[in-house]
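Protein chains: 2
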Amino acid sequence: MSDSSAPADQVFLRRHNLAMVLRDLRDAGPRSRARIAADTGLNKATVSSLIAELAELGLVRDGVVERGGGVGRPGQTVEIDGRICGLGAEVNVDYVAVLVLDLRGEEVSYVRTPLDVPRLGVDSTLDELAAVIAAAVDDAAARGHDVAGITVGIPGMVETAPGVLRHAPNVGWREVRIADELAARLAGPAAIIRVDNDANLSALAEYTMGTSAGTLDLVYVTGETGVGGGVISDGVLLRGTEGYGGEIGHMPIGDPAHRCGCGKLGCWETSVGLAALLREVADPDDPVTDPSVDLEVRLAEIRRRAALGDGRTLRGIEAVGTGLGLGAAILVNLFNPRVIVLGGYFAELGEFFLPVMETELDKRVVAPARGGCRIELSSLGFTAACRGGAHVALDAVFTDPAAVGTAAADPVPTPIPGGMA
Amino acid sequence: MSDSSAPADQVFLRRHNLAMVLRDLRDAGPRSRARIAADTGLNKATVSSLIAELAELGLVRDGVVERGGGVGRPGQTVEIDGRICGLGAEVNVDYVAVLVLDLRGEEVSYVRTPLDVPRLGVDSTLDELAAVIAAAVDDAAARGHDVAGITVGIPGMVETAPGVLRHAPNVGWREVRIADELAARLAGPAAIIRVDNDANLSALAEYTMGTSAGTLDLVYVTGETGVGGGVISDGVLLRGTEGYGGEIGHMPIGDPAHRCGCGKLGCWETSVGLAALLREVADPDDPVTDPSVDLEVRLAEIRRRAALGDGRTLRGIEAVGTGLGLGAAILVNLFNPRVIVLGGYFAELGEFFLPVMETELDKRVVAPARGGCRIELSSLGFTAACRGGAHVALDAVFTDPAAVGTAAADPVPTPIPGGMA
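The listed protein sequences correspond, in order, to chains Y and Z. My numbering puts the first sequence at residues 1 to 421. My numbering puts the second sequence at residues 1001 to 1421.
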């Protein structure tokens, strides 16, 4: 009954229907045009025409021929083509990482490069990141993939619209135009570059492909040098008015004697971040505190000591776990999530943190039975932010498949050698 | 193109269009059928038929005749009829209150009855509340109004679907089937009864009719005996997985020496709730601590002393304001709201709290310029929860106008004398 006969509406409707068909294939799996018509309520001629357009865009392809249970003639199925990819990148305190996912959700590549980011500074780090991204794009291209979009996660406060990092306390960056800086280092009609807070991207990854995928109220809490948070509330990422929501690491509930990377005293992350754990469990000359040793190796050593019952290690973990529980109780009181997913080093030592945290939650949460909240360890490990970034890039394709046409024509951002200097 | 020709879809479409027309009149004001057609994209014959149905339901009526700027013939305008009303009720520690708003958003009546709720207990309080509601409904009926829905706000954790209060620490209630209990006390085919957390309803009231109405990211913080919170995130009330979101009063950031109404030690409300203020500013025999004196009178006296520069009063307000700022900083770090609206007694003494809170926020918030957050004093005063409740009842009418037909046939819940005993 609404006046949708104007040409502009027809274009809108066509794009909407393209997206609907593509998402049906993602969510329901390979199927015949007849079943897509049944799923979506579109008529079969329209579905055929939409499939043809999606195939031309390189987003779907013919699948197996279905020979059903005797009813009707065998049907040619359609499936999502994995050619188009999304790339997620992450800059953290001591590494940069890049992960490529194809449109089917399958991992194409993952590279993590140790890097002393605070020491290297903005320009050299972005040079290095551009080189890693370009290598991943080239590698994907060599295997027949096109990267349609790039999302960079940063442990700091990001204004997503222009892709500007306002402040990343623990890497010491302020006011960096990440998207522009990176675009300048990647030549050609590059893929769209988005920038976001790393914990927000990790929360999206947990919500779309983690163990608790689909849980509408989910809080992600990651421990590295800093402590980051991402909040999914009723299925939507909570961003806040300027995109700075979820800054859980700076809740003023830590020991006021410790100064945080942000310059303030007593932030939560000074009590439960990686530095706090290392301070508790080891002397300064203990190899587990040596930043030149890979973090996962050091965490494995701490886990080994805890499993052996080492007193100092267990006391340290208990102290950090109590602090974790205190902050988690605030998160439960405020967000009433179904699940808190622990990421970063919290997940690596999670089996030891869990009982202490749960005791603390029982003491501190006001809702009956912790408001139905469980604590879970992330299965995505240190790849969560990259995965979330790749997901965001792919999500743009599922939202407007026709837009991929432009990028797909020449989607490969090739590096400018000069830009790497 | 979608298959919307099935009978079920026609019914759905009709209801959807009825709602669209009614909301157009609410948001854009009285107007001709032709302008409604232009606003909504519906054709004029459809609009006329929808208007006829809305008029029959008692939701719209003829307004003035427009004699426009020379173009076209003069048009009969349509406007919202104020006959249908929503009723918001509130149970708090020391009062029950009822407020009736008509469909045009105008206040029909407001009654606040002092009551020692923790002492009276569940049954007597609900008897009293039912009597106040019935009186308000009768009063509205005498003036030609029909109450289509009732929403009860309670300072506690509410499961909204069946309308059950799980726990209200400061009134001492647990597991009360408020909706059923109230329905049993109100005879006849009563209006729909909903139950919700009082601060959630207040947040909705601020979002829809407060000074910062329409601000998409808004946190409401109210101080009474308890401290309650309601969070609007990107225009949606944050409820959490079981409806217990926004329990800000029980953040463990208070003095661990004080036991909270919830039984735990060191909850935020033990540092900034009304009891904390009174403890700081007055001796136990000071009349401002006397619960039998109206709260607004006592707050006026405290305000007077502060304005006169009384040392103990100012120090007390500063101590509470610092605690308020500490908790507010957590809310800003987590939700990144555009505005924090202070309600309850916080608003009454707000002019004295603001500078201390702002200093604290500047010290504690990690986002630049407090993430763009301002603090505002509620202009709705102690009526906020009732207003929010009435809004929720009316919102149901704007969402599905046709459903009012049933209630409008006999919407008046008349009291059963026996139920009042």
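Idealized CB from N, CA, C, for every residue including glycine. No experiment lies behind these values; they were computed from the predicted model shown.
Same chain, Cβ closer than 7 Å to residue i, neighbours up to 5 away in sequence not counted
| i | result |
| --- | --- |
| R1026(Z) | I1080, F1398 |
| L354(Y) | I375 |
| R1083(Z) | G1058, G1144, H1145, D1146 |
| D139(Y) | S109 |
| P284(Y) | none |
| G235(Y) | L216 |
| S212(Y) | E206, L218, V339, V341, E376 |
DSSP-derived helix/strand/coil call for residue i
| i | result |
| --- | --- |
| C260(Y) | coil |
| I1248(Z) | helix |
| V412(Y) | For V412(Y), the predicted structure reports a pLDDT of 39, less than 50, and the residue's modelled location is therefore unreliable. A value from the coordinates is still provided. Three-state DSSP puts V412(Y) in coil, outside helix and strand. |
| E66(Y) | strand |
| T426(Y) | In the structure as shown, chain Y starts at 1 and stops at 421, and residue 426(Y) therefore has no counterpart that could be examined. |
| S423(Y) | Residue 423(Y) cannot be examined here, being either before or after the span of chain Y that is shown, 1 to 421. |
| S271(Y) | helix |
| S1032(Z) | strand |
| E206(Y) | helix |
| S1233(Z) | strand |
| V288(Y) | helix |
| S124(Y) | helix |
| A1168(Z) | strand |
| I1253(Z) | coil |
Interface residues of chain Z facing residue i [CB-CB closer than 9 Å]
| i | result |
| --- | --- |
| R338(Y) | G1240, T1241, E1242 |
| I375(Y) | By Cβ distance, chain Z contributes nothing, its closest Cβ being about 14 Å from I375(Y), past 9 Å. |
| P291(Y) | None at all; the shortest Cβ gap to chain Z is about 24 Å. |
| L324(Y) | Within chain Z, no residue comes near L324(Y); the closest Cβ sits about 13 Å away, beyond 9 Å. |
Residue from the options whose Cα sits closest to the Cα of residue i
| i | options | result |
| --- | --- | --- |
| V320(Y) | E269(Y), R338(Y), V366(Y) | E269(Y) |
| V21(Y) | V11(Y), T46(Y), Q10(Y) | T46(Y) |
| N17(Y) | R35(Y), A329(Y), L50(Y), R31(Y) | L50(Y) |
| T1359(Z) | D1217(Z), T1383(Z), A1329(Z) | A1329(Z) |
| D1180(Z) | V1147(Z), D1102(Z), A1191(Z) | A1191(Z) |
| A161(Y) | V171(Y), V137(Y), I193(Y) | I193(Y) |
| G372(Y) | P1401(Z), A1390(Z), G1240(Z) | G1240(Z) |
| L361(Y) | F382(Y), G325(Y), T383(Y), A393(Y) | G325(Y) |
| D1196(Z) | G1041(Z), R1298(Z), A1168(Z) | A1168(Z) |
| E175(Y) | G245(Y), R166(Y), A390(Y) | R166(Y) |
| L1394(Z) | E1107(Z), V1281(Z), A1183(Z) | E1107(Z) |
| T41(Y) | S109(Y), V64(Y), D24(Y), L331(Y) | Just to set this straight, residue 41(Y) is Gly in the shown sequence, not Thr. Ranking S109(Y), V64(Y), D24(Y), L331(Y) by Cα distance to G41(Y) puts D24(Y) first. |
| R1014(Z) | A1028(Z), A1034(Z), L1054(Z) | L1054(Z) |
| G1246(Z) | V272(Y), A183(Y), V332(Y) | V332(Y) |
| V1339(Z) | T1215(Z), P1030(Z), R1104(Z) | T1215(Z) |
| G1389(Z) | M1357(Z), G1105(Z), V1288(Z), R1303(Z) | G1105(Z) |
| G1266(Z) | A1183(Z), I1248(Z), E1056(Z) | I1248(Z) |
| I317(Y) | F335(Y), E280(Y), K264(Y), P337(Y) | E280(Y) |
Proximal residues to residue i (C-beta, below 6 Å), its chain only, five neighbours per side dropped
| i | result |
| --- | --- |
| G350(Y) | L342, L377 |
| F382(Y) | none |
| Y244(Y) | M157 |
| L1277(Z) | V1320 |
| L1301(Z) | One point to set straight first is that residue 1301(Z) is Glu, not Leu, in the sequence displayed. Hits under 6 Å: V1288. |
Chain Y contact residues for residue i, given Cβ-Cβ distances below 9 Å
| i | result |
| --- | --- |
| L1334(Z) | G229, V231, L238, G240, G245, G246, E247, I248, M251, I330, L331, L334, F335 |
Interface partners of residue i on chain Z, CB under 8 Å
| i | result |
| --- | --- |
| R31(Y) | What R31(Y) touches in chain Z: nothing, since even the nearest Cβ is about 18 Å away. |
| P368(Y) | M1157, R1166, H1167 |
| G372(Y) | T1241, E1242 |
Residues that residue i contacts on chain Z, provided the C-beta gap is smaller than 7 Å
| i | result |
| --- | --- |
| H258(Y) | Going along chain Z, no residue has its Cβ under 7 Å from H258(Y), so there is no contact; the nearest lies around 15 Å. |
| Y217(Y) | In the sequence as displayed, the identity of residue 217(Y) is Asp instead of Tyr. Neighbours of D217(Y) on chain Z, chain order: G1240, T1241. |
Nonlocal neighbours in the same chain, by C-beta distance under 8 Å from residue i, ignoring five residues either side
| i | result |
| --- | --- |
| V93(Y) | V117, P118, P155, N170, V171, E224, T225, G226 |
| E128(Y) | V96, T113, L115, L120 |
| A421(Y) | Note that A421(Y) scores 30 on pLDDT, short of 50, meaning its location in the model is unreliable; the coordinates nonetheless yield the value given after this. Excluding sequence neighbours, A421(Y) sits near D127. |
Within chain Y, partners of residue i - CB distance below 8 Å
| i | result |
| --- | --- |
| K1363(Z) | K264 |
| D1234(Z) | V236, L238, R239 |
| L1342(Z) | Within chain Y, no residue comes near L1342(Z); the closest Cβ sits about 17 Å away, beyond 8 Å. |
Exercise. How do the region 76-96 of chain Y and the region 148-158 of chain Y stand: do at least 3 beta-carbon pairs fall below 8 Å, yes or no?
Worked result: yes
Problem set entry | Meets three-Cβ-pair contact criterion under 8 Å: the region 193-200 of chain Y and the region 226-235 of chain Y | yes
For this session: Evaluate the contact criterion for the region 213-224 of chain Y versus the region 330-344 of chain Y: three or more CB pairs, one atom per stretch, below 8 Å.
Result: yes
Exercise. Between the region 285-296 of chain Y and the region 1205-1214 of chain Z, do at least 3 Cβ pairs fall closer than 8 Å?
Worked result: no
Exercise. Touching or not, the region 366-381 of chain Y and the region 109-126 of chain Y, by the rule of three or more beta carbon pairs under 8 Å?
Worked result: no
Exercise. Should the region 1094-1112 of chain Z be regarded as contacting the region 1132-1140 of chain Z, the criterion being three or more beta carbon pairs within less than 8 Å?
Worked result: yes
Problem set entry | Given 8 Å, three or more beta-carbon pairs between the region 1243-1259 of chain Z and the region 1377-1387 of chain Z | no
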